[in-house]
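Report on the structure given below.
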Amino acid sequence: MAPPSQLTLPLAGLKVIEFAGLAPVPYAGMVLADYGAQVIRIDKIDGKGGVVGPDVLGRGKRSVGINPKAPGGLAALKLLINQADVLIDPFRPGVLERLGLGPDVFLGSQGSNKRLIYARIVGFDRTGKFENMAGHDLNYLAQSGILSMLPPMNSSGAPSFPLNILADMAGGGLTCAMGIFLALIERNKSGKGQVVDNDMVSGARYVSAWPLMHAAIPGNALFGRPAGQNLLDGHAPFYSIYKCKDGRWMSLACIEAKFYATFLAHFVRSLPSYFKPPKEGYVPRPENQADASAWSDMREYFEAGFLTRTRDEWADTFYGTDACAIPVLSPAEAARVAGSPHPAPHPRLSRTPGILPQGSVTTIVPCEHTEEVLREIGLSEDELTLLEEGGAIRLSKPRTGAKL
2 MAPPSQLTLP LAGLKVIEFA GLAPVPYAGM VLADYGAQVI RIDKIDGKGG
52 VVGPDVLGRG KRSVGINPKA PGGLAALKLL INQADVLIDP FRPGVLERLG
102 LGPDVFLGSQ GSNKRLIYAR IVGFDRTGKF ENMAGHDLNY LAQSGILSML
152 PPMNSSGAPS FPLNILADMA GGGLTCAMGI FLALIERNKS GKGQVVDNDM
202 VSGARYVSAW PLMHAAIPGN ALFGRPAGQN LLDGHAPFYS IYKCKDGRWM
252 SLACIEAKFY ATFLAHFVRS LPSYFKPPKE GYVPRPENQA DASAWSDMRE
302 YFEAGFLTRT RDEWADTFYG TDACAIPVLS PAEAARVAGS PHPAPHPRLS
352 RTPGILPQGS VTTIVPCEHT EEVLREIGLS EDELTLLEEG GAIRLSKPRT
402 GAKL
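2 is the number of the first residue of the sequence shown in the working numbering; add one for each residue after it.
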């Protein structure tokens with residue numbers, strides 16, 4: 002593979018305007034940047050709102066500080082968007098429209114950039130009863146039907162508490178990026194841009210189509226039963242997670258009979274001589290895998306057995322086999338395996354793969370590229386000075402008399 006400096010990335014030459022927002026939008030922008038797009042993030046000049054916590058999704062982007070409500074700010078922002086291929090809107094319905102930056106301004110009959118892909122991410126369906134309500138990943142999962150399918154986390158029966166992956170990242174950011182790719186492909190045929198609407202409830206449902214459709218089949222063994230009583234939600238002892246002697250964990254997913262037989266052979270053989278089954282005389286056998294009446298004894302046997310050795314000892318036992326028994330890694334351990342704490346762009350393309358920025362730098366300073374970017378779109382020194390003095394833009398090095 003050619004060194005990064007010599008690679009032609011698949012989205013090279015694409016200009017993206019990303020309004021600063023919470024996780025889904027910066028994630029979508031990061032995906033585009035990882036594959037070569039020039040992503041310009043619009044930050045508030047007062048530093049309020051936008052990014053929350055460490056700015057870990059800013060890699061490969063530049064930041065411009067513009068206040069569209071100050072004299073000249075809206076015109077400067079429109080000029081920037083008119084030269085862009087993609088806009089990503091993170092706000093509630095109507096926010097950009099009220100600023101004079103809605104889709105019709107660019108894509109309407111008198112639009113100023115009819116090739117623009119205008120992507121927007123909201124939480125709830127824009128046509129539903131929750132349209133204008135605030136929410137977060139957990140709320141969107143609750144509405145999608147997925148949250149109720151997660152197995153109970155304790156005796157209260159409440160669903161497990163998920164990370165903000167399914168709605169925010171998968172159903173929000175990644176699905177939005179896919180929509181942008183589709184719209185760009187279509188634009189190559191028609192020459193026209195369009196609006197890409199993405200709500201995280203629908204997105205979470207789409208990426209969860211397989212379990213949701215199984216759940217619609219009454220009594221289906223995969224997901225048609227109450228949460229925690231299905232084959233793939235921890236009910237089956239051969240598809241579960243087990244604690245080891247050192248307090249760490251092993252994942253077990255030997256669903257197929259041949260994989261289960263492989264697991265049993267290695268597991269039973271590796272138990273120490275002092276091991277005593279919880280149920281005297283009971284030893285799980287390959288031919289009894291599907292016998293749900295034996296699953297309680299099977300689980301107790303596995304639980305007791307895994308506790309006799311450390312996680313890494315069990316990992317060594319199953320390494321190179323088809324037992325489907327794999328150690329549960331911490332984020333730090335997974336980073337060492339991958340070679341970086343920063344997840345690499347994926348999938349990998351053979352000729353034009355995405356790349357991590359040099360040194361895997363992930364953060365950007367808000368407004369640090371304002372002058373650089375605005376000069377690129379044709380603004381003069383005098384225009385920059387007027388905009389800064391009027392409070393419309395923020396430069397990385399403020400000039401005398403600027404409103405901050």
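By construction, the Cβ of each residue, glycine as well, lies at the ideal position given by its N, Cα and C atoms.
Being a predicted model, the structure only gives us computed values, none of them experimental.
Please report the residue range of the alpha helix (DSSP H) in which residue i lies.
i	result
VAL65	From DSSP, VAL65 is part of no alpha helix (DSSP H) but of the beta strand (DSSP E) over 62-67.
LEU80	74-83
MET201	201-208
LYS190	176-191
VAL338	332-339
TYR141	138-145
VAL32	25-35
VAL96	96-99
Could you check if residue i is buried or exposed, using at least 16 other CB atoms within 10 Å of its CB as the buried criterion?
i	result
GLY174	buried
SER274	exposed
ILE218	exposed
ASN199	buried
CYS177	buried
GLN111	exposed
GLU19	buried
CYS242	It should be noted that the sequence gives Ile, not Cys, for residue 242. Per the 10 Å Cβ criterion, exposed.
ALA21	buried
ARG42	buried
LEU385	buried
LEU405	For LEU405, the predicted structure reports a pLDDT of 48, less than 50, and the residue's modelled location is therefore unreliable. A value from the coordinates is still provided. So LEU405 counts as exposed.
PRO285	buried
Give me the residue from the options with the minimum Cα distance to residue i.
i	options	result
PHE268	GLY136, PRO152, ALA316	ALA316
LEU117	ALA333, MET134, ASP105	ASP105
ALA38	LEU108, GLY22, MET214, PRO11	PRO11
GLY158	PHE276, MET150, ASP126	MET150
PRO342	PRO25, ALA222, PRO278, SER331	SER331
ILE378	PRO344, THR353, ILE82	ILE82
ASP247	SER191, GLY192, ASP313, THR9	ASP313
ARG395	LEU78, GLY22, ARG60, VAL26	LEU78
ARG206	GLY229, ASN231, ILE166	ILE166
SER113	LEU388, PHE131, LEU232, LEU80	LEU80
ARG63	SER161, PRO358, LYS193	PRO358
ARG376	PRO69, ASP44, GLN84	GLN84
GLY392	VAL17, ILE46, LYS16	ILE46
GLU288	PHE276, LEU232, LYS259, ARG349	LYS259
VAL26	ILE122, THR311, SER161, GLY95	ILE122
Which same chain residues, not among the five before or five after residue i, have their C-beta less than 7 Å away from its C-beta?
i	result
TYR283	ASP298, TYR302
LEU185	ILE118
THR318	HIS267, SER271
ALA13	GLY37
LEU308	LYS244, CYS245, LYS246
GLY229	PRO152, PRO153, GLY235, HIS236
LEU387	GLY73
THR353	LEU8, THR9, LEU10, PRO11
In terms of residues, what are the limits of the beta strand (DSSP E) holding residue i?
i	result
PRO328	326-328
ASP44	39-44
ILE122	118-123
SER297	Premise fails: SER297 lies in the alpha helix (DSSP H), 296-307, not in any beta strand (DSSP E).
PHE260	Unbroken run through PHE260 is the alpha helix (DSSP H), 258-271; no beta strand (DSSP E).
ASP90	87-90
LEU253	250-254
TYR243	240-244
VAL20	The amino acid occupying residue 20 in the given sequence is Phe; Val does not appear at that position. Its beta strand (DSSP E) spans residues 16-20.
Whose C-beta lies closer than 8 Å to the C-beta of residue i among residues of the same chain, with five residues either side of it excluded?
i	result
SER397	VAL366, CYS368, GLU369, HIS370, THR371, GLU372
ALA216	GLY146, MET150, PHE224, GLY225
Cβ atoms of residue j and residue i: under 8 Å apart, would you say?
i	j	result
CYS255	ALA305	no
PRO346	TYR28	no
ASP90	ALA120	yes
GLY220	GLY172	no
VAL197	GLY180	yes
LEU75	MET31	no
PRO163	ASP234	no
THR322	ASP56	no
GLY61	ALA34	yes
VAL65	VAL17	no
Kindly list the residues whose CB is nearer than 6 Å to the CB of residue i, restricted to its own chain and excluding five residues on each side of it in sequence; keep chain order.
i	result
GLN7	Note that GLN7 scores 48 on pLDDT, short of 50, meaning its location in the model is unreliable; the coordinates nonetheless yield the value given after this. Same-chain partners within the cutoff: there are none.
ILE327	SER252
GLN144	VAL202
PRO279	GLU301, ALA305
ALA24	ASP169
PRO344	none
PRO69	LEU75, LEU78, LEU100
GLY124	GLY136, TYR141, MET201
Looking at chain D, is there any beta carbon in it that lies within less than 8 Å of the beta carbon of residue i?
i	result
ASP323	The chain inventory of the structure shown lacks chain D, comprising one protein chain alone.
Can you tell me whether residue i sits near the ligand NAD, meaning its C-beta is under 7 Å from at least one heavy atom of the ligand?
i	result
LEU308	Although the ligand NAD was asked about, the structure shown includes no ligands whatsoever.
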